[in-house]
Amino acid sequence: MDIIQEIYHEIERAGLWNKTTSIGRNGYLCTAGEIDDNLYYIVSGSVKISMVDGSEERIVRFGYKHNFITALDSFITGHPTDFYIQALKKTELKVISKKSYFTLINSSDRLKGLWNIVQEQLILQQLEREKDILIASPTERYKRVLHRSPQLFQEIPDRHIASYLRMAPETLSRLKKL
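Quick note: the sequence shown uses our numbering, first residue 2, plus one each step.
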């Protein structure tokens, strides 16, 4: 069992899910300017996490089935988020509050250790994303993300992946045929 599933099962076992919520396609879980201190587990569906730069949307992350998501900046600081979390298709989520989550995590050294690993993985993922952004070659960006996250290409529509990769949808289509 992977770490995400271990944490999910611990929350389930402790009965700490506050609620289950559903978001329709293109609906928002949260928007920039809101404070959101919840952690969400995606039961089904998929979301994109983005920010708006002028008139352009910048997709920074995706979430899909069996993953946790949150507006991380708001979750950590308690301040309004700069991000939008939007459903790409109908999405079912389980919700746990930050307080309940950390009460559980701090209840055992094993859970603290799992949380530390999750944080380390998140930092490494962010470093990989920064490398992706800095690489000039669309082909190289595509290959890196395909190698690292093949499930992304099964779960997320191409136009959103193209935006995430900083390329036109036609470029992504051409690269997928190579």
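Ideal Cβ positions, reconstructed from N, Cα and C, are used throughout, including at glycine. Values in this document were obtained by computation on a predicted structure and should not be read as measured data.
Looking at Glu57, Gln152 and Asn27, the one whose alpha-carbon comes closest to that of Lys49 is Asn27. Counting other Cβ atoms within 10 Å of its Cβ, Asn117 stays below 16 and is therefore classed as exposed. Nearest in C-alpha terms to Glu141, of all of Leu176, Phe84, Tyr42 and Ile43, is Leu176. Sorting Leu40, His10, Val146 and Ile136 by C-alpha distance to the C-alpha of Leu73 places Leu40 at the top. For Ala15, the number of other beta carbons within 10 angstroms of its own is below 16, and it is reported as exposed. Each residue's CA atom was taken as its position, placing Gln6 and Asp110 some 17 Å apart. Around the beta carbon of His161, 16 or more other beta carbons lie within 10 angstroms, which makes this residue buried. Between Val96 and Thr22, the beta carbon gap of about 6 Å places them in contact (Cβ cut-off 8 Å). The beta carbon of Ile106 lies closer than 7 Å to those of Leu112, Lys113 and Trp116 in the same chain, with the five residues before and after it left out.
In the three-state reduction of the DSSP assignment, Ile162 falls in the helix class. Listed in chain order, the non-local C-beta contacts of Ile136 below 6 Å within the same chain comprise Arg142, local neighbours out to five positions each way being set aside. Residue nearest to Arg167 within the set Tyr9, Leu94, Pro139 and Pro151 is Pro139 (criterion: CA-CA distance).
Counting of Cβ neighbours within 10 angstroms places Ile24 among the buried residues, the total reaching 16 or more. Lys113 sits in a helix when the DSSP states are folded into three classes.
Contact check for Glu35 against Thr82 passes: the beta carbons are separated by less than 9 Å.
DSSP lists Tyr29 and Lys49 as the beta-bridge partner residues of Gln87. Boundaries of the beta strand (DSSP E) around Thr21: Lys20 to Ile24.
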